[in-house]
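Counting from 1, one number per residue, gives the positions in the sequence shown under full-length UniProt numbering. We put the beta carbon where it would ideally sit given N, CA and C, even for glycine. Predicted, not measured: the structure shown is a model, and the values here were computed from it. To start, the structure itself, in structure tokens.
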Amino acid sequence: MFEFNQPPDLSVCEPTRQRVRAFLAAEVERGSFKPWEVTWTTFDRGFSRRAGTAGLIGMTWPRAYGGQDATALERYVVVEEMLAAGAPCGAHWIADRQSGPQILRHGSERAKQDILPRIARGECAFGIGMSEPDSGSDLAAVRTRATRVEGGWRINGTKVWTTNAHQVDYLITLVRTAEPGAGKHEGLTQMITATGQPGITVRPIRDLSGHHEFNEVHFEDYFVPDDMLIGEPGSGWRMVTAELAYERSGPDRFLSAWQLLAALVDAVGHEPDAQQAVQIGRLVAHAATLRRMSTGIAGLLERGANPQVEAALVKHVGTGFEREIPEIARLLVDAGQQSEAGQRFADALRHVTLAAPSFTLRGGTREILRGVIARGMGLR
Ligand SMILES: Cc1cc2nc3c(=O)[nH]c(=O)nc-3n(C[C@H](O)[C@H](O)[C@H](O)COP(=O)(O)OP(=O)(O)OC[C@H]3O[C@@H](n4cnc5c(N)ncnc54)[C@H](O)[C@@H]3O)c2cc1C
């Protein structure tokens, strides 16, 4: 039923793996980030610019648009290494993972020529303008509306939980373009909306750890020219659901707490007790299985398939695993150890414990994923 059987051979990507490891080692050496203090959503334009210069962003895109014609598997290896190193990728992650690929597939020639090379250089950041105050899980219920005007569209409405909207250059915003009365899934359209333009206001929302990553975004008569639409008016729902296969299946759905697992292994040292050995062995085996499933999906995406159900399964199991790591880690090691490894473990545990509740919400909650999986299995 699900196509996880043949994970592709990643050994062919070994030169790419060595290249990204050398880049990350140099970054750690120069003190650009402390792995246990940042996450992949940490926004650091300097880091992204250097990653762009090293050819690590937009690498699967054609050279004409700033890419390197690399394979999806080479990109997978880069993403995996960035996550394993705990690198601060927030200034290029969304653009590299989903906005850039959407523009490449469905954007106008102007959008492709203007925006893609800047993303690949690490100079242009994107956010996702999907969720609204009354439309999160039920995404098709979006009420933000765009109406036709001379040369383009005018947007009015409010988006919420928009990660890094206060720092990005653009959002891909999902809006309703059909007349009232059209079907719920019809008449939705994605548009490239530049921040910092008249008609868009970004207000901060602080999360429970006190950080400002979330925002509320208001559009008031905000103008979007015709060539900043992604695809045809009305094609938004199909695109959003296809985009979610990319968003849900990658290693970012099971490696968010990897630094904590690594710190746990260091804090336990070379002589684990029986319980530590069993629990760490179980977590590592779980990670290996998830990696196999996730690379299987990367292989399907490389072949042009749209594995939405498989991606939902990986996100469901993967984010459950990410949440389990701090729960198990805190039972295995005393977070008051004075050694250097003990301090690192305590820092990582604090950080991941605060972030973990969001792992199973962002990109679709577990209940919604279960619904997608059940439908895929013909159970509903
Ligand atoms: C860290 C983080 C970053 C995010 N970044 C972004 C972003 O950049 N851009 C963006 O657009 N959004 C973003 N989101 C929003 C995220 O996509 C939504 O929070 C998510 O889709 C859930 O929507 P909601 O918060 O409105 O919850 P609701 O939809 O109100 O759901 C509340 C609860 O009810 C359950 N529920 C809802 N419907 C059903 C149903 N039919 N069956 C069973 N249970 C149901 C849900 O599972 C959940 O537990 C982010 C969220 C987080 C946590």
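| query | result |
| --- | --- |
| Through-space distance from L332 to Q275, alpha-carbon basis | 8 Å |
| Beta carbon of A165 nearer than 8 Å to that of G127 | yes |
| Every unbroken alpha helix (DSSP H) within the stretch 202 to 235, with a cutoff of 4 residues, ordered by chain | none |
| When Q167, D227, S294, V224 are compared against D9, the one with the closest alpha-carbon | S294 |
| Cβ-Cβ separation, L24 to E74 (assumed contact under 8 Å), whole Å | With 8 Å as the limit, E74 and L24 do not qualify as a contact, their Cβ atoms being about 16 Å apart. |
| Where T193 sits in the DSSP three-state scheme | strand |
| Extent of the continuous beta strand (DSSP E) to which G129 belongs | 126 to 129 |
| Length at least 4, wholly inside the stretch 38 to 107: the alpha helix (DSSP H) runs in chain order | 45 to 53, 72 to 85, 100 to 106 |
| D69 to V278 span [Cα, whole Å] | 43 Å |
| Heavy atom of ligand 3 within 7 Å of Q167 beta-carbon | Although ligand 3 was asked about, the structure shown includes only ligand 1 as ligands. |
| Proximity winner among L83, Q6, I57, relative to G250 (alpha-carbon distances) | L83 |
| According to DSSP, residues forming a beta bridge with L264 | According to DSSP, L264 bridges with nothing at all. |
| Whether P133 touches T189 by CB criterion (8 Å) | no |
| As assigned by DSSP and simplified to three states, the class of E317 | A quick correction: the sequence has Val, not Glu, at residue 317. Looking at V317 - three-state DSSP - the assignment turns out to be helix. |
| Cβ pair R154, F223 closer than 8 Å | yes |
| Check whether G151 and P225 have beta carbons under 8 Å apart | yes |
| Which listed residue (A242, Q167, E247, A287) has its alpha carbon closest to that of V217 | Q167 |
| Chain-order list of residues whose beta-carbon lies under 6 Å from that of P356 (same chain, five-residue window excluded) | The residue you asked about is not Pro; residue 356 is Ala in the sequence shown. If we look at A356 and ignore the five residues flanking it on each side, its Cβ neighbours are R323, P326. |
| Integer-rounded CB distance, given that L171 should sit under 8 Å from T193 | 5 Å |
| Inter-residue spacing [alpha-carbon to alpha-carbon] between F219 and T201 | 7 Å |
| Proximity winner among C13, V38, G107, A87, relative to E27 (alpha-carbon distances) | A87 |
| Cβ-based neighbour list, residue 404, same chain, cut-off 7 Å, excluding 5 preceding and 5 following | Residue numbering for the chain in the displayed model covers 1 to 380; residue 404 lies beyond these limits and cannot be assessed. |
| Proximity test, K159 beta-carbon vs ligand 1 heavy atom, cut-off 7 Å | yes |
| Residue closest to K315, alpha-carbon to alpha-carbon, out of I297, M239, R21, C89 | I297 |
| Delimiting residues of the beta strand (DSSP E) encompassing A140 | Where A140 is concerned, there is no enclosing beta strand (DSSP E), given that its DSSP letter is neither H nor E. |
| Reduced DSSP category for residue 390 - H, G, I as helix; E, B as strand; rest coil | Nothing about residue 390 can be reported from this structure: the residues present for the chain run from 1 to 380 only. |
| T195 Cβ short of 7 Å to ligand 1 heavy atom set | no |
| Buried/exposed call for S339, threshold 16 Cβ in 10 Å | exposed |
| heavy atom of ligand 1 below 7 Å from S131 C-beta | yes |
| E367 Cβ short of 7 Å to ligand 1 heavy atom set | yes |
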